Each structure stands twice: as C-alpha cells, then as structure tokens.
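Just so we're aligned, residue 27 is where the sequence shown starts under the working numbering, counting upward by one.
Ideal Cβ placement from N, Cα and C applies to all residues, glycine included.
On a predicted model such as this, the values are computed, not experimentally measured, just so you know.
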Amino acid sequence: TSIKQAMYFKDANPAVDTTIIYSDLRTPGNGEDFYRSAQEKGVIFTKGKVAEVVPNGATSTVKFNDLILGDTDASILDVDLVVLATGQVPNSGINIDAPTGAEEEGAVQVKPISILNLTYRQGKDVPQLKQGFTDSHFICFPYETRRTGIYTAGPVRRPMDIAQAREDATGAALKSIQALENAELGRAAHPRSGDLSFPKVRLEGCTQCKRCTVECPFGAIDEDEKRFPVFNESRCRRCGTCMGACPVRVISFENYSVNTVGAQIKAVDMPDEFSEKPRILILACENDAYPALDMAGMSRNEYSAFVRIIPIRCLGSVNTIWITDALNAGYDGVMLMGCKSGDEYQCHFVKGSELGRVRMSKIDDT
27 TSIKQAMYFK DANPAVDTTI IYSDLRTPGN GEDFYRSAQE KGVIFTKGKV AEVVPNGATS
87 TVKFNDLILG DTDASILDVD LVVLATGQVP NSGINIDAPT GAEEEGAVQV KPISILNLTY
147 RQGKDVPQLK QGFTDSHFIC FPYETRRTGI YTAGPVRRPM DIAQAREDAT GAALKSIQAL
207 ENAELGRAAH PRSGDLSFPK VRLEGCTQCK RCTVECPFGA IDEDEKRFPV FNESRCRRCG
267 TCMGACPVRV ISFENYSVNT VGAQIKAVDM PDEFSEKPRI LILACENDAY PALDMAGMSR
327 NEYSAFVRII PIRCLGSVNT IWITDALNAG YDGVMLMGCK SGDEYQCHFV KGSELGRVRM
387 SKIDDT
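Written as structure tokens, this is what we have:
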C-alpha cells in the first residue's frame with residue numbers, strides 16, 4: 027500500500043520527492059517488480075524508526091533513527107505531507123485462547139464478533155493468533171484450522187495480495203475436497219489421514235474429571251447430561267491427547283492405547299546393573315521427532331546405543347503411567363522428543379509438546 031501511494035504521487039508529479047520510512051519491507055513475488063519500478067521512478071526507501079513528527083507551520087519535521095547506518099541520533103526530514111501507512115488488520119471474532127503476551131504492545135484487541143456461530147465448547151469462532159489471524163500449521167497444513175472441515179484462505183489466514191489470495195483459495199478448496207472424501211469413508215483428517223480408529227471410553231471407570239474435554243485441542247469431546255464424555259468422530263483427528271489426559275486410563279483407540287505402548291516399554295530386556303548402562307527410553311512424536319531420527323540414520327549420524335525409541339502419535343498422548351512403567355521396568359530415564367514450544371510453535375496437534383511438558387512437571391520422586 028505504501029509503495030502504491032508513493033507511485034501515485036510520482037505519476038501525478040515526477041518532481042515530488044517521496045520517501046518511505048519502513049521497518050520491514052515485504053514484497054514477495056510480483057511485489058518485487060513493483061518495488062523496483064518505484065525505485066526507478068525515484069521513490070526513496072529508508073529503513074528506520076520514526077521517533078517524532080513536529081509540526082512546523084505549513085510543513086512538518088520527521089525525526090527518525092536510521093536502522094541501516096545504525097544512527098542512534100534522530101535523522102531529520104522536512105516534509106510537506108506525512109502519510110501514516112496501516113497494515114492489514116483481520117476482521118475476526120473472539121480470540122478463544124487468550125495468547126501469551128496479548129496485553130503487550132502490538133497485540134490486537136480482537137472484536138467480539140462471530141459470523142460462524144459454531145457449537146464448540148471453546149467458543150463460536152475459530153481460534154486465532156495474538157494478531158487476530160486464524161491459527162494454523164503454516165509449514166505442513168497452511169489452510170487448516172482447529173475446527174475440522176473448516177479451511178481459511180487469503181487475508182483471513184495472513185496478509186497477502188489478490189494474486190496470492192487466489193492461489194491460496196485454490197489450495198483451501200482442494201483440501202476441503204480431501205476432507206469431504208475422508209468424512210464420507212469415516213476416515214480421519216490430516217495429519218493421520220485415513221485412520222479408521224476412533225477413541226473409545228470405558229464409562230464405568232470414568233470419574234467425570236473433564237480433563238479430556240478441556241484438553242482436546244479440536245473440541246471433539248462434549249459432555250452428556252450425566253457429565254460423561256461424548257466423542258464427535260467427525261471432529262476427532264486421532265491425536266490421542268484425551269488418552270494422555272485421562273488419569274484413570276479408560277480412553278483408548280483400537281490401534282493405540284495405554285496398554286499397547288506400556289507393553290512395548292516392558293518388552294525390552296533390561297541388562298543387569300553392572301553392564302550396558304544407562305538405558306534411556308525415548309518417546310518420539312511420529313510427526314516430527316521420529317522422521318528426524320530417520321534422517322539422522324540415513325545421514326549416518328550416530329546416537330547412543332543405550333537408547334530405545336518408541337514412536338507415539340503426539341507428546342500430548344503421553345500418559346504419566348508410561349513413565350511409571352518405564353522406571354519400574356529398569357530404565358534410568360525417559361526422554362520426550364517433539365515440537366519445540368515457544369515462538370513459532372508448530373505442533374501438528376496444536377499443543378501436544380506443551381501438554382507433555384506440563385504433565386512431566388507434575389512428576390516427582392517418590
């Protein structure tokens with residue numbers, strides 16, 4: 027937008043000196059040609075941070091810090107007109123998960139508006155990031171949301187121009203076709219596309235603690251009038267977070283359960299205490315950590331022969347009983363491998379490694 031407005035001035039009067047003071051200049055794709063054409067017409071680009079605008083009669087004085095030259099003293103620019111550039115701001119609904127640092131400078135206060143009116147316990151709209159754009163896995167699944175079957179495209183997902191939005195909409199439409207085909211056959215959506223298993227709960231053992239309903243990242247679990255969990259298979263992505271959250275271990279899948287992983291842990295022969303020590307168990311996320319170990323093997327990188335690796339669906343599916351089983355079986359330690367939380371957190375199942383970290387913080391020596 028800033029380059030376009032500057033070009034308008036140059037087209038109207040080539041003698042007008044036009045300067046753009048920017049902190050981040052993003053011109054991908056065809057925008058690079060647009061940027062170079064503006065330079066050819068004489069538009070001046072200066073990387074800096076404006077410190078002050080001082081009115082001076084019919085003109086104004088702009089004081090800014092030049093970030094390229096590293097000039098901490100404010101540079102001065104006398105101008106006849108100052109135009110404040112505004113970036114794209116999402117017109118989104120309620121921020122369902124209040125993000126860390128939302129009260130910090132630069133965070134957008136999202137308007138309490140919803141056009142979707144979804145029937146999810148987490149809220150009527152899709153979850154958003156702290157700047158108001160919809161949350162998605164921008165590396166592997168850029169169009170997905172935490173609401174299965176709902177895909178976002180264009181500036182709803184991130185700032186982009188018309189050409190990018192058109193291409194983005196095509197990708198979202200193709201992903202929605204895949205979701206419809208999977209739903210018709212009763213299969214899971216990405217990333218476990220094609221999985222036919224469903225979570226099952228043994229109600230006679232349920233304590234109605236509601237941990238599964240609260241921790242499910244996709245809102246796939248509701249409650250009936252007796253406060254027992256009710257699973258919505260069309261929303262479920264088979265991550266196993268509910269299984270890891272259950273303190274009494276009554277939730278399982280046909281092909282993935284607390285007992286099956288526990289049996290793998292106990293099946294490893296433990297050496298005596300005088301040989302082949304230490305013995306470490308690694309629970310590796312099958313989406314990122316386990317492929318990374320495969321890549322290490324194909325690259326002929328060595329890692330300790332004392333570790334035993336078991337792939338799991340997500341660190342969010344780790345039940346604390348597995349740690350107990352491992353230590354009782356003779357393991358000297360347990361390591362969890364998954365997505366790194368923090369900035370640009372990109373868990374395939376939204377917050378699996380963060381849930382695993384929280385659960386492990388509650389384990390102590392007994």
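*When you compare only the Cα positions, how much space is there between T87 and A38?*
Looking at the two C-alpha atoms, the distance is approximately 23 angstroms.
*Presumed contact (8 angstroms Cβ cut-off) between N345 and M269, rounded CB distance*: Between the beta-carbon of N345 and that of M269 there is about 7 angstroms, and that keeps the pair under the 8 angstroms contact cut.
*Report the partner residues of C406 according to the DSSP bridge assignment.*
Since the first and last residues shown for the chain are 27 and 392, residue 406 lies out of range.
*Measuring CA to CA, which of Q234, G231, D97 and L211 is closest to S223?*
Closest by C-alpha distance to S223, out of Q234, G231, D97 and L211, is L211.
*Tell me where the alpha helix (DSSP H) around M361 begins and ends.*
That residue, M361, is in no alpha helix (DSSP H); its beta strand (DSSP E) goes G359 to M363.
_Counted within 10 angstroms of its Cβ, other Cβ atoms place F300 as buried (16 or more) or exposed_ = That one is exposed.
*May I have the straight-line CA-CA distance separating D314 from L381, to the nearest angstrom?*
In a straight line, the C-alpha of D314 is about 16 angstroms away from that of L381.
_Using the three-state DSSP reduction, which class does G342 fall into: helix, strand or coil?_
In the structure shown, G342 sits in a helix (DSSP, three-state: H, G or I).
*Return the bridge partner residues of C311 from the DSSP annotation.*
DSSP lists I338 as partners of C311.
_Cβ neighbour criterion (16 or more within 10 Å) applied to V256_ = Exposed: under 16 other Cβ atoms inside 10 Å.
*8 angstroms Cβ shell around A84 - same chain, five flanking residues per side excluded*: So the qualifying residues of the chain are D106.
*Is it right to say V182 is buried, meaning 16 or more other beta carbons lie within 10 angstroms of its own, or is it exposed?*
A residue is called buried when at least 16 other Cβ atoms come within 10 angstroms of its Cβ; V182 meets this threshold and is buried.
*Decide yes or no for the touch test of the stretch 349–360 against the stretch 314–330: beta carbon pairs closer than 8 angstroms, at least 3 of them.*
Contact fails: fewer than three Cβ-Cβ distances are below 8 angstroms.
*In whole angstroms, what separates the C-alpha of K36 from that of S219?*
So the two alpha carbons sit approximately 53 angstroms from each other.
*What whole-angstrom Cβ distance do A179 and A189 have, given they're in contact under 8 angstroms?*
Their Cβ separation, rounded to whole angstroms, is 13 angstroms, which puts A179 and A189 out of contact at 8 angstroms.
*Where are the alpha helix (DSSP H) runs, 4 residues long or more, that stay fully inside the stretch 227–283, in chain order?*
The alpha helix (DSSP H) runs lying completely inside the stretch 227–283 and spanning 4 residues or more are 237–241 and 267–271, given in chain order.
*asked:* With a threshold of 8 angstroms on Cβ separation, who are the neighbours of P40 within its own chain once the five nearest residues in sequence on each side are excluded?
replied: K67 and G68.
*asked:* With H, G and I counted as helix, E and B as strand and the rest as coil, what does DSSP make of T426?
replied: Nothing about residue 426 can be reported from this structure: the residues present for the chain run from 27 to 392 only.
*Can you give me the start and stop residues for the alpha helix (DSSP H) that F167 sits inside?*
Counting along the chain, F167 falls outside any alpha helix (DSSP H), and DSSP gives it neither H nor E.
*Please say whether I291 and I335 have beta carbons closer to each other than 7 angstroms?*
When the beta-carbon positions are compared, I335 and I291 stay at least 7 angstroms from each other.
*For the alpha helix (DSSP H) that T196 lies in, which residues bound it at each end?*
For T196, the enclosing alpha helix (DSSP H) covers residues I188 to E210.
_Given a cut-off of 7 angstroms on the beta-carbon distance, is the pair P243 and K30 in contact?_
Their beta carbons are not under 7 angstroms apart, which means P243 does not touch K30 by this criterion.
*C-alpha gap between A124 and K303, whole angstroms*: With a pLDDT of only 47 at A124, under the threshold of 50, the placement of this residue in the model should not be trusted; the figure read from the coordinates follows. Those two C-alpha atoms are separated by around 45 angstroms.
*Using alpha carbons as the reference points, say which of R261, A100 and I389 lies closest to T239.*
Nearest Cα to T239 within the set R261, A100 and I389: R261.
*asked:* Relative to the C-alpha of K366, which candidate in C340, N56, T350 and I247 has its C-alpha closest?
replied: When each option's Cα is compared against that of K366, the closest is C340.
_Less than 7 angstroms between the C-beta atoms of Q154 and T145, yes or no?_
Note that the C-beta distance between Q154 and T145 is not below 7 angstroms.
*Helix or strand or just coil, what does DSSP make of V384?*
In the displayed model, V384 falls within a helix according to three-state DSSP.
*Can you tell me which of the three DSSP states N82 falls into?*
The answer is strand: DSSP assigns N82 an E or B state.
*Report the residue from G158, A289, A318 and P297 whose alpha carbon sits nearest the alpha carbon of T350.*
Minimum Cα distance to T350 is reached at A289.
*Between V76 and I47, is the Cβ-Cβ spacing less than 7 angstroms?*
A contact, by the Cβ cut-off of 7 angstroms.
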